[in-house]
Every structure is written in structure tokens, then in C-alpha cells.
Amino acid sequence: MLRIGVVGPTFPPIENIARVAKRVEEKGYDSIWFPDHLMGWFPQSIWTPDVVGPLAVYSPHTFFETTLSIAVAASQTQRIRIGSAVTEAIRHHPAMLAQSYATLEHITNSRVILGIGAGELENVEPYGLRYEKVVSRLEEALKVVKLLWEAKRDELINFDGEFFKLKGAVFELPPLKKRPPIWIGGSGERMCKITAKYADGWLPSGLTPQEYSQRLEVIKEECRKIGRKFEEIERAVYLNLIVDESREECLRLMKESPIIKAGALLAPASLYEKLGYQHPLGENFYPLTDYIPAKYSRKEIMKAVESVPLEVVQESFVWGNIEDVIDKLDKYRKQGVQTAVFWNFTFLGNASKVKSSYSCLDKIVSYFSENKTT
Numbered sequence: 000m001l002r003i004g005v006v007g008p009t010f011p012p013i014e015n016i017a018r019v020a021k022r023v024e025e026k027g028y029d030s031i032w033f034p035d036h037l038m039g040w041f042p043q044s045i046w047t048p049d050v051v052g053p054l055a056v057y058s059p060h061t062f063f064e065t066t067l068s069i070a071v072a073a074s075q076t077q078r079i080r081i082g083s084a085v086t087e088a089i090r091h092h093p094a095m096l097a098q099s100y101a102t103l104e105h106i107t108n109s110r111v112i113l114g115i116g117a118g119e120l121e122n123v124e125p126y127g128l129r130y131e132k133v134v135s136r137l138e139e140a141l142k143v144v145k146l147l148w149e150a151k152r153d154e155l156i157n158f159d160g161e162f163f164k165l166k167g168a169v170f171e172l173p174p175l176k177k178r179p180p181i182w183i184g185g186s187g188e189r190m191c192k193i194t195a196k197y198a199d200g201w202l203p204s205g206l207t208p209q210e211y212s213q214r215l216e217v218i219k220e221e222c223r224k225i226g227r228k229f230e231e232i233e234r235a236v237y238l239n240l241i242v243d244e245s246r247e248e249c250l251r252l253m254k255e256s257p258i259i260k261a262g263a264l265l266a267p268a269s270l271y272e273k274l275g276y277q278h279p280l281g282e283n284f285y286p287l288t289d290y291i292p293a294k295y296s297r298k299e300i301m302k303a304v305e306s307v308p309l310e311v312v313q314e315s316f317v318w319g320n321i322e323d324v325i326d327k328l329d330k331y332r333k334q335g336v337q338t339a340v341f342w343n344f345t346f347l348g349n350a351s352k353v354k355s356s357y358s359c360l361d362k363i364v365s366y367f368s369e370n371k372t373t
């Protein structure tokens with residue numbers, strides 16, 4: 000069976016979160032996820048009425064705080080899982096992550112997932128923080144979170160790390176049922192090994208089914224080395240979606256929408272090179288470590304967008320009509336994916352397609368609910 004989750008709303012009014020979470024549960028989705036951003040992935044310079052239509056009423060950098068969003072979603076639901084996609088331990092001390100998500104475990108009746116990664120430059124450097132040794136920092140933060148969650152009553156906790164230090168610390172908030180599962184967002188070799196050591200789930204983004212299978216082998220091998228059961232790790236994937244009843248309409252959006260093409264700028268230079276192109280933002284460009292959208296002028300970003308080949312746009316999204324998307328999801332399922340989490344880009348290219356694109360996604364959810372092939 001393939002479970003499907005979706006990214007929730009990040010912008011006012013706050014009632015959006017409650018309404019969408021309730022709908023997601025009613026339609027049979029497995030989960031709803033909230034990003035942890037201060038800055039969004041699109042430059043303000045092109046987030047204008049001529050490009051995004053009525054969506055321009057809000058900035059692309061409009062984000063409710065993640066843990067509070069999770070709490071609001073929990074207040075209107077009973078079944079769906081609710082997670083962060085994903086947070087990090089640069090802006091958030093691991094002791095605060097441990098406390099926040101332990102609290103959310105109570106609020107959600109043990110439905111919360113701590114999704115965490117190494118972080119993105121855009122959410123760190125502009126705010127006066129250093130984006131350095133981020134994978135090492137993540138691994139150390141996971142050690143601290145687990146140390147706190149596993150502490151016994153009256154235990155004084157000590158930890159002497161490179162990034163974090165605890166001296167006589169305590170953590171005595173008990174779980175309602177069990178500690179939240181930790182899912183790691185990242186697909187580099189080291190991130191895969193960290194997943195095997197510390198995680199309950201894996202949520203990489205931007206991988207083809209074949210790439211997913213290859214990275215999964217790294218996790219399997221590391222599990223074998225450390226004596227862990229690979230089956231303990233839930234396998235998920237984060238996918239950018241363009242869906243419509245008409246495949247031709249999806250193609251039109253990918254060809255004509257500057258925002259959809261700007262989404263393809265988030266692909267690494269390696270994808271462009273694989274297809275025989277150079278990334279418009281630089282030969283070795285990697286979005287997590289190099290991209291601060293607010294720095295780009297309209298002229299700069301539109302020039303880059305105009306240079307994005309259609310072939311790259313197509314490779315950057317799961318796209319097509321309902322049958323196309325089902326077929327592509329089935330390819331992921333066959334490579335080991337158990338949960339797919341979608342960020343719906345469709346209406347960013349055409350604001351009139353909010354309802355129709357989610358209606359298509361509802362039908363995809365229904366298909367996999369009714370066809371529980373394993």
C-alpha cells in the first residue's frame with residue numbers, strides 16, 4: 000500500500016490550516032506536513048500579479064511557525080499524521096526540539112512526526128547564523144534529542160559535543176504514548192548513514208525512482224553494519240507535483256509559467272548536467288547550500304527562468320493527468336517507497352487550479368486506498 004501526504008498551508012488566515020487539515024483527513028490522506036521556513040523558495044521580485052495572479056496578495060516568504068501549525072492541524076483531526084517537512088538544528092537547539100515535539104506528541108495524541116534535515120542556507124545566513132558543518136551538527140543534535148527523550152526521572156544529563164553541551168541538564172516530560180518518530184530529510188551518502196543510525200523514517204526529495212533505490216541501498220548496508228532491522232525505517236519521498244485532468248495543460252504550465260520554471264531552478268546542477276545543460280545559476284549550483292532567493296533581482300531571476308529547458312522542468316516534477324501520476328507513483332512504490340508527500344505546484348502556475356488540482360490528487364489518494372498492492 001502507498002500512503003499519500005500533502006504539504007499544508009503556510010499563510011493567513013490561520014483558519015486555512017484547520018480547514019485544510021480537516022479536509023485532508025476526510026479525503027483519506029495519510030498525513031499533512033508543514034515546512035519550517037523564514038524565507039520561501041521564490042524571489043519576491045517575480046511574485047507579482049502578472050506572474051502569480053491573485054496569489055501575489057501574500058509574499059512568497061509568508062510562513063506560520065511550524066510547531067504551532069501542527070498544533071492547529073491536530074485540533075481539527077483525529078487520525079492523520081502531522082509532521083514537519085523539515086526542521087533543523089541551526090535555528091533550533093535540540094533541547095527545544097525535544098521539548099516542542101514531546102509536547103506535540105501530547106497535543107496530537109501521538110500523531111506528530113519530527114521531520115528534520117541539515118537545513119537550507121536561505122533560512123540561516125540572512126538571519127545572522129552560520130551555515131557550517133551542517134550535517135555534523137544535525138547528527139549531534141539527533142544524539143542530544145534521543146539522549147533527552149531516553150533520560151530517566153531525576154537523571155542529570157551531560158553531553159560534551161562540538162556544537163552542543165549539556166551539564167546537569169534534566170528532561171522529565173513523559174510521553175503520552177511514545178516518543179515522536181524522527182524522519183530525516185536528505186539523500187547524500189552521509190545523510191543516508193545517519194538515517195540508518197538514528198531515524199524512524201526517511202524523507203528525501205528530488206530523487207527519481209532509480210536514484211531512490213540506489214540511495215536506499217546505502218541505508219540498507221548501514222543497517223546491516225550496525226545490526227539494525229532495515230524494516231524499522233519507514234520509506235517516504237517528497238515530490239513536487241503538477242497535475243491536471245489534461246496532460247497538455249500540465250505541459251503548457253511547464254512551458255509558460257515563470258513560477259513553475261523557477262521551481263526547476265531548485266534542481267541541482269547535477270540534474271542539468273545529466274541532461275546536457277548548465278544550471279542557469281551556476282555550474283556547481285546546489286539549492287540547499289547556495290540559494291538565497293531574496294538576493295535576486297527580477298531581471299536576474301527572469302533571465303535564469305528563461306534559460307531553464309523544458310526537459311529539466313519535466314524531470315523536476317511528478318506531472319501529468321491522474322493516470323500519469325498514478326503510474327509514476329507506482330514506480331516509486333516498486334522501489335520501496337511506502338509514503339509519498341506532495342507539494343502541489345499546479346496552482347502556483349495558474350491560481351484558478353487550486354480546487355481542480357487537489358480534486359485530481361484526491362482521486363489519486365482514493366486509487367491507492369482502494370488498491371492496497373504491496
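Just so you know, numbering that gives the first Met the number 0 puts the end of the sequence shown at 373, numbered straight through with nothing missing.
The beta-carbon is built from N, C-alpha and C at its ideal position, and this holds for glycine as well.
**Prompt:** With respect to the alpha helix (DSSP H) encompassing A101, which residues constitute its N-terminal and C-terminal limits?
**Reply:** P93 to I106
**Item:** Pairwise C-alpha distance: T61 and I112
**Value:** So the two alpha carbons sit approximately 23 Å from each other.
**T373 versus Q313 - alpha carbon distance** = Because the pLDDT of T373 is 48, which lies under 50, any placement of that residue in the model is unreliable, and the number read from its coordinates should be weighed accordingly. For T373 and Q313, the distance between alpha carbons rounds to 28 Å.
**Asked** What's the gap between the Cα of L265 and the Cα of P308?
**Response** So the two alpha carbons sit approximately 13 Å from each other.
**Prompt:** How about the segment 21-28 and the segment 81-92: do they share at least three Cβ pairs that are nearer than 8 Å?
**Reply:** no
**Asked** Does the beta-carbon of Q334 have 16 or more other beta-carbons within 10 angstroms, so that it is buried, or is it exposed?
**Response** buried
**Message:** Less than 6 Å between C-beta atoms, sequence neighbours within five positions excluded: which residues of the same chain meet that for K219?
**Reply:** F229
**Request:** Give me the Cα-Cα distance between T207 and L155, rounded to the nearest whole angstrom.
**Result:** C-alpha of T207 to C-alpha of L155: approximately 46 Å in a straight line.
**Item:** Within the segment 127-207, ranges of the alpha helix (DSSP H) (whole runs, at least 4 residues)
**Value:** 133-148 and 188-197
**Prompt:** If T66 sits next to L103, beta carbons under 8 Å apart, how far is it from one beta carbon to the other, in whole angstroms?
**Reply:** Contact holds; Cβ gap of about 6 Å.
**Asked** Given that a residue counts as buried once 16 or more other Cβ atoms are within 10 Å of its Cβ, and exposed if not, what is D361?
**Response** Of the other Cβ atoms in all chains shown, 16 or more fall within 10 Å of the Cβ of D361; this residue is therefore buried.
**Asked** Cα-Cα, which of E139, I16, R234 and R178 is closest to H105?
**Response** R178
**Prompt:** Going by DSSP, what residues sit across from E233 in a beta bridge?
**Reply:** G200
**Asked** How would you label I79, buried or exposed, when you count the other beta carbons within 10 angstroms and need 16 or more for buried?
**Response** Buried: at least 16 other Cβ atoms inside 10 Å.
**Message:** Does the contact criterion of 3 or more C-beta pairs under 8 Å hold for the segment 279-293 versus the segment 34-47?
**Reply:** yes
**Request:** Under 8 Å by Cβ, that's how I've got R234 and V336 pegged, so tell me the actual separation to the nearest angstrom.
**Result:** 6 Å
**Message:** Using the three-state DSSP reduction, which class does A293 fall into: helix, strand or coil?
**Reply:** helix
**Prompt:** Three-state secondary structure (DSSP) at R227?
**Reply:** coil
**Asked** From E119 to L137, what does the alpha carbon distance come to, in whole angstroms?
**Response** 12 Å
**Simplified DSSP assignment, three categories, for L240** = strand
**Request:** Report all residues from its chain with a CB closer than 6 Å to the CB of C191; omit the five preceding and five following residues, and keep chain order.
**Result:** Taken in chain order, the residues that qualify are R214, V217 and I218.
**Request:** Pick out whichever of N15, A17, V23 and P11 has its Cα sitting closest to the Cα of V364.
**Result:** V23
**Request:** Measure the C-alpha to C-alpha separation of K132 and P93 and round it to an integer number of angstroms.
**Result:** If you draw a straight line from the Cα of K132 to the Cα of P93, it is about 16 Å long.
**Prompt:** For the segment 333-364, which segments carrying the alpha helix (DSSP H) assignment without a break, of at least 4 residues, lie completely within its bounds, in sequence order?
**Reply:** Counting only runs of 4 or more, we get 345-348.
**Request:** Using 10 angstroms around the beta-carbon of N370, count the other beta-carbons present and answer buried if the total reaches 16, otherwise exposed.
**Result:** exposed
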